[in-house]
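> Residue numbers (our numbering): 11 to 145.
Ideal Cβ placement from N, Cα and C applies to all residues, glycine included.
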């Protein structure tokens, strides 16, 4: 049985983009992500799957959007919904196993918990090396 987040998480890849950081923050490389960026990614990913914008992603919504995103990625090689890493799929699948629907706050909390687990030195920045180590 496929959970809503199993399909949603298929859209998560190893890619990461660098967003603007505060002036006093250390410079980030393209492969680094801050905790705030992770929260933003979780929210963007959730919003993409919440087709009726009711704050809940159902199994049907996840399957509909997930299949479309997987087809785009297969055809173009571009992940339109980057996350924390390919292993995020396994984490979310385990975290939401059996769920018929997932609320936005639950999804965000799980995404950030995963970020915190992977952030080995707990500095609020997830590096490529930390993502690789977590895999």
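Between the region 120 to 131 and the region 60 to 73, are three or more C-beta pairs nearer than 8 Å?
Touching, no.
> Quick check on residue 88: buried or exposed, where buried means 16 or more other Cβ atoms within 10 Å of its Cβ?
As a working note, residue 88 is residue 78 in the chain shown. With fewer than 16 Cβ atoms within 10 Å of its Cβ, residue 88 is classed as exposed.
> Under three-state DSSP, which class holds residue 84?
Within the chain shown, numbered from 1, the residue matching residue 84 stands at position 74. In the structure shown, residue 84 sits in a helix (DSSP, three-state: H, G or I).
> Under a three-way DSSP split, which group does residue 55 fall into?
Position 45 of the chain shown, counted from the first residue, corresponds to residue 55. The answer is helix: DSSP assigns residue 55 an H, G or I state.
> Could you check what DSSP says for residue 41 in three-state terms: helix, strand or coil?
Counting from 1 along the chain shown, the entry for residue 41 is found at position 31. In this structure, residue 41 counts as coil in the three-state DSSP scheme.
> Can you tell me which of 60, 64, 83 puts its alpha carbon nearest to the alpha carbon of residue 74?
Translated into positions along the chain shown, residue 74 becomes position 64. When only C-alpha atoms are compared, the closest one is 60.
> To the nearest angstrom, how far is the alpha carbon of residue 122 from that of residue 138?
Residue mapping note: residue 122 aligns to position 112 of the chain shown, counting from 1. Residue mapping note: residue 138 aligns to position 128 of the chain shown, counting from 1. In a straight line, the C-alpha of residue 122 is about 17 Å away from that of residue 138.
> Would you kindly report the start and end of the unbroken alpha helix (DSSP H) that includes residue 139?
Locating residue 139 in the chain shown gives position 129, where the first residue counts as 1. Residues 138 to 144.
> Which same chain residues, not among the five before or five after residue 125, have their C-beta less than 7 Å away from its C-beta?
Here residue 125 refers to the residue found at position 115 of the chain shown. These residues qualify, in order along the chain: 45, 48, 94, 136.
> Quick check on the burial criterion: 16 or more other C-beta atoms within 10 angstroms. Buried or exposed for residue 52?
Indexing the chain shown from 1 puts residue 52 at position 42. Burial call: buried.
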